[in-house]
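Residue numbers (this note's numbering), protein chains in the order written: chain A, 301 to 373; chain B, 50 to 185.
Ideal Cβ placement from N, Cα and C applies to all residues, glycine included.
For clarity, every value in this text was computed on a predicted model and none was experimentally measured.
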Amino acid sequence: MPRNREPNINNSIKELRANEDRMTQQALADQVGVTRQTINALEGGAYTPSLALALKIARLFDKSIEEIFWIDE
Amino acid sequence: MTAMEKVAWTELLISLFTMAMAAALYPWLGNGAAGAFGFLGFVACGILFLRKRGNKVVVDERDREIERQATQTGIHTAWMILFMALIVIVLWASQTEDKVIATGVLMWLVWIQFAILYGVKGLVAVLLYRSQRRAT
Numbered sequence: 301m302p303r304n305r306e307p308n309i310n311n312s313i314k315e316l317r318a319n320e321d322r323m324t325q326q327a328l329a330d331q332v333g334v335t336r337q338t339i340n341a342l343e344g345g346a347y348t349p350s351l352a353l354a355l356k357i358a359r360l361f362d363k364s365i366e367e368i369f370w371i372d373e
Numbered sequence: 050m051t052a053m054e055k056v057a058w059t060e061l062l063i064s065l066f067t068m069a070m071a072a073a074l075y076p077w078l079g080n081g082a083a084g085a086f087g088f089l090g091f092v093a094c095g096i097l098f099l100r101k102r103g104n105k106v107v108v109d110e111r112d113r114e115i116e117r118q119a120t121q122t123g124i125h126t127a128w129m130i131l132f133m134a135l136i137v138i139v140l141w142a143s144q145t146e147d148k149v150i151a152t153g154v155l156m157w158l159v160w161i162q163f164a165i166l167y168g169v170k171g172l173v174a175v176l177l178y179r180s181q182r183r184a185t
């Protein structure tokens, strides 16, 4: 049986960072406890975050997860 | 480059160097060339990249996920090659008159498994890091 491909998950982290006084990737990474490269991969859609990381990012920007992450149909 | 990517490069390069050394020494040392597999011990040097620097995160969930995928692929590849090699050895031995397998062959097989495991693990991790970087 063929395996379903993982859905593409897009996000608006880059825009949210820009709105937060041009917060750097490193500053965001430090606040949510990951490396800068992971934030870079997240913004490029190359990496799907864990629920814990998505919640941390949502809490940091004071938004719900759905406002930041969505499935690219 | 993250610390774990450096660890992956270390594993890949050391395993390639080890296999090249063992192959290069074999014509002179015979089974003694298997001593070159001792170089595999240097993969432990990768831990030097994981030293904590200030409050910076060194290893995160993405690194752990890549490590998990790479380890899984490495182990599966090593097992697959081990089984295939054993099939070949048994078939080959059954065709010989005394039907005996030299212990030296088995020793080489075990060492090669370790080198393949680290080599494939390092290669898969490096490729995953590169593919994620290229996508951004």
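With a threshold of 6 Å on Cβ separation, who are the neighbours of residue i within its own chain once the five nearest residues in sequence on each side are excluded?
i	result
B/Gln162	Ala127, Leu131
B/Gly95	Val56, Thr59
B/Tyr178	Glu54
A/Ile339	Gln325, Leu328, Ala329
A/Pro307	Ile371
B/Ala174	Ala57, Ile115, Ala119
Might you give, ordered along the chain, the residues of its own chain that have their beta carbon closer than 7 Å to the beta carbon of residue i, omitting 5 neighbours on each side?
i	result
B/Val108	Ala52, Met53, Leu99
B/Ala69	none
On the criterion of 16 or more Cβ atoms from any shown chain inside 10 Å, does residue i qualify as buried, or is it exposed?
i	result
B/Lys170	buried
A/Pro349	buried
A/Asn311	buried
B/Gly123	buried
B/Gln121	exposed
Please report how far the alpha carbon of residue i lies from the alpha carbon of residue j, in whole angstroms.
i	j	result
B/Ser143	B/Ile136	11 Å
B/Ala83	A/Gln326	46 Å
A/Ala341	B/Ile165	29 Å
B/Lys148	B/Ala71	27 Å
B/Met156	A/Leu351	45 Å
A/Asp330	A/Ile309	23 Å
B/Ile115	B/Tyr167	14 Å
A/Thr335	B/Val106	6 Å
A/Lys314	B/Arg113	24 Å
B/Trp160	B/Leu74	15 Å
A/Ala358	A/Val332	10 Å
Given 7 Å as the limit, tell me if residue i has its C-beta closer than that to any heavy atom belonging to the ligand ADP.
i	result
A/Lys363	Absence of the ligand ADP from the depicted structure is noted, as is the absence of any ligand whatsoever, leaving it without description.
Could you work out which residues of chain B lie near residue i, taking near to mean beta carbons separated by less than 8 Å?
i	result
A/Ser312	Chain B residues near A/Ser312: none, gap ~15 Å exceeds 8 Å.
A/Leu353	Glu110
A/Asp330	Asn104, Lys105, Val106
So with CB distances below 7 Å, who are the chain B contacts of residue i?
i	result
A/Gln337	Thr51
Which whole-angstrom value describes the C-beta separation of residue i and residue j, a residue pair presumed to lie in contact below a C-beta threshold of 8 Å?
i	j	result
B/Phe86	B/Phe66	Actually they do not touch by this definition, with Cβ atoms about 11 Å apart.
Could you name the residues of the same chain whose beta carbon sits closer than 8 Å to that of residue i, not counting the 5 residues immediately before and after it, in chain order?
i	result
A/Ala354	Ile365, Ile368, Phe369
A/Asp321	none
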